[in-house]
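Enquirer:
Chains as they are written, first to last, in my numbering: chain Y, 36 to 478; chain B, 4 to 251.
Structural data, given as structure tokens:
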């Protein structure tokens, strides 16, 4: 597979705040890099937009570390698989940053079938004074050259380039749902519905298959892989979640094919909550290790759960995200909302967890104080730099002022993707085609 | 009783989702369709285990053949490349009512390919099936739909409502609920028990959604639809549902 090293110039314009929402602009993933200096978003149209935090300056203290567009590039294009007569969507499913090792930034972006490694680098100098070509780039006639000079680097306007350095293709039969960079920074894994592959960053034409849950007879299929992640410190450990609400922790040292788990996390089902849709709402949509590596957090349709790696039989904490939807599951099944895959994130200190909901609401849970808050990401309801007002959903009985009743929630406005700065209280919230960045108020 | 109606409704919604998933961009989403199939099975189990589930309709005479082509052609028109429609009509014509219903039906059962749906008295035979099956790989939905449409007319009580709903355009799924809910049990048992066929027989992740897994080879699929087809009394009353599926 040849590697495309074509250099591309990027325009730094980013089309935001459309009055109409084109589907290609719907944000499909949000991710801070390891320092929090950069924030990357991917959308349904296959584009990646990277924001960079401004350096704080004394002259403009009110513009404390705002995020501005740094680079925009087209990561994936729609493809057609002629063999299977299938169109492959260009939607970016996940972006994961690599830790920075030199002046350039590296990130992985993936659609349903192909993972790409992108290098984002700055250029602020250009060489001038070539001997064999003049400033326009035209070649000079060598016989006309009478003297030689050494080219010098002169400053130029900053240009940010994104180049695809590796393309990891043709390794997944099913749709890729997760990628995760290993703590060894040499390997990463990509997971689809039935298999997980381990890659080396340098090798694009082969990968190791480390998990394969495809049954010999597809009629016996009962569960699929929904998310996977490497442990933040132990390069041999990873977890993957399933559509049945279970999490498996695997150790790559035990065998090459990690079909047998080292730990199996499952909470027994509450029989009183049984309904037609119990299986759907128990499907885990996201799994995240805590920064400490001691806990994992899982998101299913109605709850967020925190598990201790040392206790497999039940989670240590369960938070209700929008339990008022439990009685509406049939309607949510009809309009497909029950299949929405919400993500969840930890804050830098693992003390607060956040996840999205409907009506552009998102929820934060403080694990220590057990307090929770519902906030809204909408321009109509909050002015820039205004403090967000907590929202409340009224579940029945008398609706107080400022409360919203369940029936007036807008289910087309869903917050599936959020990100939390690795060390500060800055959050990025993707609401359909808009990106909101909220910071702690500083006086 | 309300559980049955809800189960009924859920089944029809689930079928609609599966049907519409076939045309979506990016190919079949395995996860979503697995979940839909689980819901379908749950709804079916509830439906069948509820007391007061209507008994299987009695074995009735085969209906007149001329009613046969319309549902079949409608089914084909639903976007699948049909095996030669002329053959269907031809086979449908000379189909003998009455005594031969048992025979052709059982023969049909053994061969999983689409041509089997034609239960024409002496016409359908395994050889024909094999050739036709090999010539035109049956589109995913069709074998079951066709057999449903065909056999459905055999049941006299449901002939009338079926004729009414066959007038184009087919009525929206909501109206189907007014019909004999006995059909739901039949359909659920067909779809439910063989539903896993949706995910089966996918060579290298091919995403077409065969309801009976007959995509790869008729012979391979023979065992599966065979089990279902043999449920004769059940299949006979399926015509309103075949139209419902078409409506999706």
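Virtual Cβ for every residue (Gly too), placed ideally from N, Cα, C. In this text, all values refer to a predicted model and were calculated from it rather than measured experimentally.
(1) Report yes or no: is there a C-beta of chain Y within less than 8 Å of the C-beta of residue 199(B)?
(2) For the segment 63-84 of chain Y, list every residue whose C-beta sits within 9 Å of some C-beta in chain B, in sequence order.
(3) Any idea if residue 26(B) is buried or exposed, counting beta-carbon neighbours within 10 angstroms, 16 or more meaning buried?
(4) What are the start and end residues of the alpha helix (DSSP H) that includes residue 38(B)?
(5) At a cut-off of 7 Å, is residue 366(Y) close to the ligand GTP when judged by its beta-carbon and the heavy atoms of the ligand?
(6) So, does the CB of residue 28(B) fall closer than 8 Å to a CB anywhere in chain Y?
(7) Within a Cβ cutoff of 6 Å, which residues of the same chain sit near residue 300(Y), ignoring the five residues on either side of it in sequence?
(8) I'd like to know if residue 4(B) contacts chain Y, where contact means its C-beta is closer than 8 Å to some C-beta of that chain.
(9) So, is residue 287(Y) buried or exposed, given that buried needs 16 or more other C-beta atoms within 10 angstroms?
(10) So, under 8 Å CB-CB, residue 143(Y) and residue 214(Y) are touching, yes? Tell me the CB distance rounded to an integer number of Å.
(11) Determine whether the Cβ of residue 374(Y) lies closer than 8 Å to any Cβ atom of chain B.
(12) Starting from the Cα of residue 92(Y), find the closest Cα among 184(Y), 332(Y), 101(Y) and 456(Y) and give me that residue.
(13) Any idea which residues DSSP pairs residue 108(Y) with across the strands?
(14) Can you tell me whether residue 361(Y) is helix, strand or coil according to DSSP?
(15) Kindly list, in the order they appear in chain B, the residues whose Cβ is closer than 8 Å to that of residue 111(Y).
(16) Comparing alpha-carbon positions, which option in 207(Y), 441(Y), 454(Y) and 416(Y) lies nearest residue 428(Y)?
(17) Could you give the DSSP three-state label for residue 367(Y): helix, strand or coil?
(18) What residue from 368(Y), 195(Y) and 280(Y) has the CA that sits closest to residue 108(Y)'s CA?
(19) Tell me, please, whether the CB atom of residue 149(Y) is closer than 8 Å to any CB atom in chain B?
(20) What separation, rounded to the nearest whole angstrom, lies between the Cα atoms of residue 168(Y) and residue 243(Y)?
(21) Provide the residue(s) that pair with residue 411(Y) in DSSP beta bridges, ordered along the chain.
(22) Just mark residue 180(Y) as buried or exposed, buried being the case when its beta carbon has 16 or more other beta carbons within 10 Å.
(23) DSSP three-state label for residue 121(Y), please.
(24) If we define contact as Cβ-Cβ less than 8 Å, is residue 46(B) a contact residue for chain Y?
(25) Bridge partners for residue 452(Y) per DSSP, in chain order?
(26) Tell me, to the nearest whole angstrom, how far the beta carbon of residue 160(Y) is from that of residue 182(Y); I am working on the premise that it is less than 8 Å.
(27) Evaluate the contact criterion for the segment 227-237 of chain Y versus the segment 12-28 of chain B: three or more CB pairs, one atom per stretch, below 8 Å.
(28) Answer with buried or exposed for residue 138(Y), where buried requires no fewer than 16 other C-beta atoms within 10 angstroms of its C-beta.
(29) Using a C-beta to C-beta distance shorter than 9 Å, which residues of chain Y count as neighbours of residue 16(B)?
(30) Is residue 206(Y) buried or exposed, if buried means 16 or more other CB atoms sit within 10 Å of its CB?
(31) Exposed or buried, which one is residue 176(Y) when buried takes at least 16 other CB atoms within 10 Å?
(32) Could you spell out where the beta strand (DSSP E) holding residue 129(Y) opens and where it closes?
(33) With DSSP as the reference, please indicate the residues paired to residue 114(Y) in a beta bridge.
(34) Measure the Cβ-Cβ separation of residue 388(Y) and residue 339(Y) and say whether it is below 8 Å.
(35) Give me the subset of the segment 211-234 of chain Y whose CB atoms are less than 7 Å from a CB atom of chain B, sorted by chain position.
(36) Between the segment 246-259 of chain Y and the segment 32-40 of chain B, are three or more C-beta pairs nearer than 8 Å?
Expert: Well, looking at it:
(1) With a pLDDT of 40 at residue 199(B), under the threshold of 50, the modelled position of this residue cannot be trusted; read the value that follows with caution. By this cut-off, residue 199(B) is an interface position.
(2) none
(3) Flag for residue 26(B) reads exposed.
(4) Here the alpha helix (DSSP H) through residue 38(B) covers 33-52.
(5) No copy of the ligand GTP occurs in the structure displayed, which carries no ligand at all.
(6) yes
(7) For residue 300(Y), where only same-chain residues beyond five positions count, the Cβ hits under 6 Å are 282, 342 and 347.
(8) no
(9) buried
(10) 5 Å
(11) At least one chain B Cβ lies under 8 Å of residue 374(Y).
(12) Out of 184(Y), 332(Y), 101(Y) and 456(Y), 101(Y) has the C-alpha closest to the C-alpha of residue 92(Y).
(13) 83(Y)
(14) helix
(15) Going along chain B, no residue has its Cβ under 8 Å from residue 111(Y), so there is no contact; the nearest lies around 12 Å.
(16) The option with the nearest alpha carbon to residue 428(Y) is 441(Y).
(17) Correct three-state label for residue 367(Y): helix.
(18) 195(Y)
(19) no
(20) Taking the straight line joining both Cα atoms gives about 47 Å.
(21) 396(Y)
(22) exposed
(23) strand
(24) yes
(25) Listed as beta-bridge partners of residue 452(Y) by DSSP are 465(Y).
(26) Not really, about 24 Å apart at Cβ, beyond 8 Å.
(27) no
(28) exposed
(29) Result: 365, 368 and 369.
(30) buried
(31) exposed
(32) 129-132
(33) In DSSP, residue 114(Y) forms a bridge with 123(Y).
(34) yes
(35) 228
(36) Between the segment 246-259 of chain Y and the segment 32-40 of chain B, the count of C-beta pairs closer than 8 Å reaches three or more; the two stretches touch.
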